[in-house]
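If you count the sequence shown from 1, position 165 lands on 245 in the working numbering, and the numbers rise without skipping.
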Amino acid sequence: MSTATRPGQGAPALYPRGLPRPARTLVMGVVNVTPDSFSDGGRWFDPERAVAHGLALFDEGADILDVGGESTRPGAARPPVEEELRRVLPVVRELAAAGAPVSVDTMRAEVAARAIEAGAMLVNDVSGGLADPAMLPLMAQAGTPYVVMHWRGHSAGMQANALYDDVVADVVDELRLRVEAALHAGISPDCLILDPGLGFAKHADHNWQLLGRLREVVALGHPVLVGAARKSFLGHLLADPSTGRPRPARQRDAATSAVSVLAAAQGAWCVRVHDVVSTVDAVRVTARWGLEAAAAQL
Ligand code: PMM
């Protein structure tokens, strides 16, 4: 793991091997090649449209493009592996060929391996290696940066597992166990990225507690990725006061930017978002502000 020269506050202290290293929190743009994601409702399901969307996000300043072929919304059914491969591989290949750093959002070792061959530089595994026993050995052998997210089971039944004594302490303990498993499998520590898994076996209050105490996740000593974008806990916070109806997913980007600023200020390495333009501005402001705040404390 390398340390930035002078990160200040609002920029990461740690960077994973081989990925871009701007002096600010990175922005990961979401490219969901799925028919049913809650946040973009299948708009990029066609591979050509997904590639065009990814290229647009890259032009807008995304540091990494996260290509996923499996919806993880609560209750979602899993696609067969062949279908997941059919969705993601052409998109990963084209975006990587265009020079974009590409991440593949998958829980399957076979998909991860094929995506790495197609040019992916990062594997984003929302199960942290729990869904597929072949994943950790593959990542050890590949030497590619690897996101270990906090996870307690597949989407179909995950909200039944949202039971915690102290959600932050429990998530930190469970992530620590996943780090131990990853290191034991032979993954290099400078390839590991951690993610508290907002919305995965978590209710709204759990997500807010994890954000408010994000420093406890950062203190585990690995770069931290935060995926809050457009999630339902934001929709509930911003519900229409007269009807009680949650704010629709595509009207949650200002709230997402606020979360990105606060996550960056707590030392997040990267934020995973749909609206790249507002997020890049937000993390640039946070980094610039943080330099002054750090200087004032010298
Ligand atoms: N959230 C989603 C999908 N993939 N990956 C990581 N590492 N962290 C997340 O929080 C995360 C993820 C679900 O959100 P989407 O439907 O907007 O992609």
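Ideal Cβ positions, reconstructed from N, Cα and C, are used throughout, including at glycine. Since the structure is predicted, the reported quantities are computational estimates derived from the model, not experimental observations.
Asked: beta-carbon Val40 near the ligand PMM non-hydrogen atom, thresh 7 Å; Found: Residue 40 cannot be examined here, being either before or after the span of the chain that is shown, 81 to 378.
Asked: contact_flag[the region 122–142, the region 367–374] where n(CB pairs < 8 Å) is 3 or more; Found: no
Asked: The ligand PMM heavy atom lying under 7 Å from the CB of Asp185; Found: yes
Asked: Cβ shell of Arg293 (< 6 Å), same chain only, five flanking positions each side left out; Found: Val248
Asked: Gly109 - partner residues in DSSP beta bridges; Found: Leu145 and Val353
Asked: Leu272 beta carbon less than 8 Å from that of Val259; Found: yes
Asked: Unbroken stretches of the beta strand (DSSP E), 3 residues or longer, contained in the region 142–230; Found: 144–148, 182–185, 202–205 and 226–229
Asked: Sequence-distant residues of the same chain with beta carbon closer than 7 Å to Thr85, five excluded per side; Found: The pLDDT assigned to Thr85 is 41, lower than 50, so where the model puts this residue is not dependable; a value taken from the coordinates is nonetheless given after this. Same-chain partners within the cutoff: there are none.
Asked: Bounding residues of the beta strand (DSSP E) (the contiguous stretch that carries Asp275); Found: Leu272 to Asp275
Asked: CA-to-CA distance, Asp320 to Asp270, given in whole angstroms; Found: 44 Å
Asked: Other residues of its chain near Thr83: CB distance less than 7 Å, five sequence neighbours each side excluded; Found: Low per-residue confidence applies at Thr83: pLDDT is 47, beneath 50, and the placement is therefore not dependable enough to give any value.
Asked: Residue interval of the alpha helix (DSSP H) (run including Gly307); Found: Taken as a continuous stretch (DSSP letters only), Gly307 belongs to no alpha helix (DSSP H), as it is neither H nor E.
Asked: Reduced DSSP category for Leu294 - H, G, I as helix; E, B as strand; rest coil; Found: helix
Asked: Burial state of Gly109, where buried means 16 or more other Cβ atoms lie within 10 Å; Found: buried
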